[in-house]
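Okay, structure first, notes after.
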Ligand SMILES: Nc1ncnc2c1ncn2[C@@H]1O[C@H](COP(=O)(O)OP(=O)(O)OP(=O)(O)O)[C@@H](O)[C@H]1O
Ligand SMILES: Nc1ncnc2c1ncn2[C@@H]1O[C@H](COP(=O)(O)OP(=O)(O)OP(=O)(O)O)[C@@H](O)[C@H]1O
Ligand SMILES: [Mg+2]
Ligand SMILES: [Mg+2]
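Chains as they are written, first to last, in my numbering: chain A, 31 to 265; chain B, 14 to 344; chain C, -14 to 278; chain D, 70 to 324; chain E, 13 to 393.
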């Protein structure tokens, strides 16, 4: 197990958003996390990446507890999050944003990586000298995904990466996710587009207001009736 | 039924509180303590006006002391030079200050938070230097002596004791007015501006108009507070309206909790009373004040009665003792 | 007279410039109205003064002063600002704790050094003035201006070119997001405060050397306030702006005093400032707005 | 069916970038009008222009026949346009109910003196506003959250708060910018019904979305933008099979 | 009694921020009979003008300690309480109320800033407290007709005229005034320019001011003086701006004769160095007087506070002795003001005190000192 969350409880002020959650992310596999609005998915990611501190429970990464580490130490360990709501650096250009993504890297291939993502999302190349804050919503989303990838993480956590993207780009993103997975990176994916997500995923978890209700093989989930009803749009 | 009981206890508490407040002057040890109490109430009025600007409209105004000065001097000049009833001059001082505030507020429309903050300090300097230099009008650095005490319905409220009830009535009135404004749609418009100007503009809120109005209304109360204060000390001096004073007024609102009206009164009380306690320990006065401010901010970053302030700390404490406290939020 | 007044104006401006840069650095990056800036550097200057008076080599004395300022600011950051940041406090809270720190520092200075004015002459900058006919230019002013411009260039370069500079720029936009990039936020912010204090102390020492005195009030009225004005004038977050803003401030003050009225000098300066802000609401070198609906 | 909004030859440049390029279209007062297009096509920019947030470089706009070119946001709002934002903009430190009440701002009449004196008229107005706001919250199914601080709610709820805020101002035209972003299919379905209901309540709706299925079911007409240009404007069935649109936007339908 | 004096002497801080008589046990350990005579010292003790307040306090403190060590007044110890008015009139009123509410306080050493003094007077009058002002020089104070208020110093007007005479005698052709924009200094400036007009027929005296809180650069003033050909500048301001102005004049090779109203602080010499050479200052305390008593006082003061006394401290010192003298001869809290106005005829170490029926000290003498080769020297009249 690359990542193992045990009985995690997280509170905002006094109110628990996660109420004792356990889940596992296997190395080299893609795990997806589904759930309705406010279930606590983003809260979980924020806790793993160190932005929130758990009230109880453990987060084991490669066997050691990272619950108490600071965000930057966690990033250095290879866990990177692409946050919900894009969160690009608005006053820096697209190019500078990408370079920021590679902050923890020390190698010299940064330029090549940037070029690679430019190929994948040509609009970013076109806008490379524009301030990121002035990009359209979708452009920002693409930038956020690429920026997360720039650090070459071991565990990539994506929070609704397809949000606000045109269908054609969504397909591109999923293709990319698949390629990343195939290159050996472990992925924890939060998606509202449950069907697509389960298709690329190996495992899936379903969350409901602070609890995990189902955890199963992705294929099984895709077929499960309850899941179909609640998360795959009824019909 | 439960609601009724609750309402009853609330009423009872309010009644007890009222009696205590009304009888307070009879139990304080001396006139000095009374003076301090009166000052707390006068400063509360001003702190409330700061809260209106900062807590509700989100504009950091360090320049309230300038408006206190405008109110004070308008009142002092009018009262010492012309024969007009006290109450007329008093209200006129408020209105004149409101006008000044409105003009300045309207003038500062285009500036953003930080710029406005500095400019308000500039206003303090401009007003202070005007008061010092413009000797013909303001009697310059000498100040104006012999400002009359409040005269209401033929009574002259000269003693501290009498003034206590005047200040109390004034505070209650101002509190009521400000609270009504903040609870109305105009108050909500101010809060909307504070939270998100763009979304506010999309709700048909006229940003410049509201900001100017906020400055104007708040300045009315500031001016009234200033006039009441000079009616109390009976001497107007330009050296009362400094940047430091402006900072203190802001701190009252902030320490108490932005957006919380009782907070402003608490803040005023703290910042008037704590320096009194350290009056003879003057060597450490600033140290005491400084440490107090830092510590209070660390414990309640949103002010004592603000979000996650004293109340929440108390609730948490009680809960830790094992008592069940109703959670406000439904999950 | 006109030309001499102009030179005087530039001299005053250059004195404000250095102090303003330290202020602007912290202000631009962390958005904090740092009321403690002046009082923290006052401590540094007083340490320098004490060291020098007790017979230390002036250069070492200065280094001690700078170190003292940096250490004080780091402690302040650690114990007064960082906890607030961790609690996710609003922008106002650190402003108030900064005022608290300013009070504390002022009190400490008064307790340790007393309220009177001391002569301050480190004897390193070489006093005196050059004169060209009827014109007088102080040598120290030339020093000060050179140092200010050099410091500005170095810092600009650091911010632009180094990784740490990029980290600082990132933090100035969003602290949580910067942390997600693997930036050690606390360390970088501490660094910024340290740098701000160092610049402040250097500026303060030059200020004191220029006027030849030191007393406990140099922090607020001459430090925080002037630095703040210069910063706003030049544009928040722009170092170049800090220098040019300081110059504008110097020019306005000196010319208003020389040609209009010394009594109303400050009023005039403030009014000019107000009008300027009306015309350019974001200062001379405004930070670019990068927000979109 | 009457013309509500008419845009003529609208252009918008951002320092060299043509975000909108000669757009002309008309929105009727009884339709749900959809706008789709690749990222960066200029959809949000179009919204910004027809609400007076950005001033177009050239072109004209008419609302119910009145020329609105050059007017500011507040003027548009008073004329009956309300919108939601792609990047959510709720008043974070205010409760949900207060957020919605702010939306009613333009319908409130009381002046300062009435407020201070709490005249019966003002009291009645305030009570009515609260009732209406609560009713709106019920309608959107977020009445439970009425007293919560809007800023700490999940994205989906915040979106609904925005919609409620926009709706209570009784607009003639409601602009929704990606309302389903961050919602799961179930919630998206709910929202779809909601929008249909909203439409029945009065305002015309113009909606930007990337969820094709959603758009095809919901909209009466769809405009397709691409690189700032109007690529197509037609009923959904035709747009969906327009080869240009498929190539630029929808992509190969999988499965 | 108060035995912490030694501690003060040890402290290296100069204008001593310690205040020893605040020890709460002062009363209990009282050696003498009867209660202590408690009195209040007011003034700014923090903030920008703290220096004067603390200097006045130091002088009082020294006298109190000496008197107590010698057995007190009629066996009663002196007990001094200090109040900080932060140089703010509003605060001064609160201070006054606090003092008035304390029945054990018998008299008050006045606030220093005139705004504070005026603001607080009402309260003191109502409370029947006597106010003694060691350093309130503002002329206008004489005109208020207060019966409980007496000052030990000369008013600005009187000393300013002396200074003007001295400077004109030295051959000034075109005098100018440089004043801080405060009540005291503005008032003095007006007196000087009127006097120059009346006595010397100089009508258009150049007057330049500065804002003491925020100005340290006087280059525009210097430029104006120089351009107008001013050869004599009368300084109505504290010693720091005075020294700075002279330095800034000399930087521009401009060397007018200067004289100041409040420049007798020894710090000015270390501050201004060579630049303040030749500066005249008018003072009520002639530190150059070889008189044994005066030199002894200077020596003791220096030992305590590590610096030379000036007007503020010496006047504070003598004021306390003068009141002690009144108490010794039968005055009490109730009739102190009356008694002193009528009967005080006290020869102090640094000045004599005898009141003129109003609030002014008739016997105050003023000297003119000049800084010569780094030291104050008495200018022969
Ligand atoms: N800053 C905050 N303060 C208080 N409560 C919060 C905060 N952020 C989130 N919450 C609460 O925590 C719960 C979980 O929120 P979270 O954002 O993790 O949900 P989510 O599953 O990611 O939802 P979404 O699909 O909308 O992104 C929600 O009830 C939300 O109201
Ligand atoms: N203020 C601005 N300054 C400069 N360029 C801008 C500005 N606003 C938008 N742009 C650019 O204009 C283009 C259109 O942006 P817009 O936000 O309208 O796209 P959109 O169609 O809404 O895309 P999305 O579906 O991704 O939200 C984008 O490429 C964007 O980078
Ligand atoms: Mg989420
Ligand atoms: Mg968009």
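Just so you know, even glycine gets a beta-carbon here, dropped at the ideal spot from N, CA and C. Remember, predicted model here, so these are calculated numbers, not experimental data.
Asked	Found
Span of the beta strand (DSSP E) around residue 116 of chain E	Run containing residue 116 of chain E: none; DSSP gives neither H nor E here.
Pair within 8 Å by beta-carbon distance, residue 312 of chain D and residue 291 of chain D	no
Local conformation of residue 91 of chain D per DSSP, three classes	strand
Contacts around residue 247 of chain C, its chain only, beta-carbon distance under 8 Å, and the 5 residues preceding and following it disregarded	none
CB contact below 8 Å: residue 164 of chain D versus chain B	no
The stretch 125 to 136 of chain C / the stretch 62 to 77 of chain A touching (three or more Cβ pairs under 8 Å)	no
Cβ-based neighbour list, residue 301 of chain B, same chain, cut-off 6 Å, excluding 5 preceding and 5 following	291
Top-ranked residue by Cα proximity to residue 33 of chain B, from B:236, B:99, B:178	B:178
Bridge partners - residue 249 of chain E, DSSP secondary structure assignment	None, per the DSSP bridge assignment.
Beta-carbon separation (whole angstroms), residue 230 of chain D vs residue 156 of chain D, contact threshold 8 Å	Going by Cβ atoms, the distance from residue 230 of chain D to residue 156 of chain D rounds to 14 Å, so no, they are not a contact pair.
Distance, residue 48 of chain B Cα to residue 172 of chain B Cα	10 Å
Three-state secondary structure assigned by DSSP to residue 208 of chain D	helix
Heavy atom of ligand 1 within 7 Å of residue 212 of chain D beta-carbon	no
Best match in E:310, E:357, E:387 for proximity to residue 376 of chain E [C-alpha to C-alpha]	E:357
Any beta strand (DSSP E) of 3 or more consecutive residues that is wholly inside the stretch 178 to 215 of chain A	185 to 189
Option nearest residue 167 of chain A by Cα separation, candidates D:90, D:278, D:71, D:125	D:278
For ligand 1, residues whose Cβ lies under 6 Å from any non-hydrogen atom	A:42, A:47, A:65, A:67, A:68, A:69, A:70, A:71, A:72, A:73, A:114, D:221, D:222, D:223, D:224, D:225, D:251
Contact set between the stretch 188 to 207 of chain A and chain C, restricted to residues whose Cβ is under 7 Å from the partner	none
Range covered by the beta strand (DSSP E) that runs through residue 52 of chain A	45 to 55
Cross-strand partners of residue 94 of chain A (DSSP beta bridge)	A:91
Residue-level contact to chain A via CB, residue 286 of chain D, 8 Å cutoff	no
Any non-hydrogen atom of ligand 4 within 7 Å of residue 155 of chain D CB	yes
Residue 222 of chain D - DSSP class collapsed to helix/strand/coil	coil
Any chain C beta carbon closer than 8 Å to residue 208 of chain B	no
One or two residues paired with residue 295 of chain D in a DSSP bridge	D:298
Buried versus exposed call for residue 327 of chain D [16 or more other C-beta atoms within 10 Å across all chains shown]	There is no way to answer for residue 327 of chain D, as the model of chain D reaches only from 70 to 324.
Three-state secondary structure (DSSP) of residue 1 of chain C	helix
Unbroken stretches of the alpha helix (DSSP H), 4 residues or longer, contained in the stretch 116 to 166 of chain C	124 to 146, 148 to 158, 160 to 165
Short-range partners of chain E found in the stretch 242 to 253 of chain B, where Cβ spacing is below 7 Å	246, 247, 248, 250, 252, 253
Residues near residue 207 of chain E by beta carbon distance below 8 Å, same chain, minus five either side	172, 173, 176
Contact list for the stretch 121 to 132 of chain B against chain D, Cβ threshold 7 Å	none
Own chain partners of residue 271 of chain C with C-beta closer than 7 Å, once the 5 adjacent residues on each side are dropped	220
Residue 149 of chain E - DSSP class collapsed to helix/strand/coil	coil
Residues that residue 55 of chain C contacts on chain D, provided the C-beta gap is smaller than 9 Å	Here the premise fails: no neighbours, minimum Cβ distance about 36 Å.
Any non-hydrogen atom of ligand 3 closer than 7 Å to residue 96 of chain E Cβ	no
Residues that residue 252 of chain D contacts on chain A, provided the C-beta gap is smaller than 7 Å	67, 222
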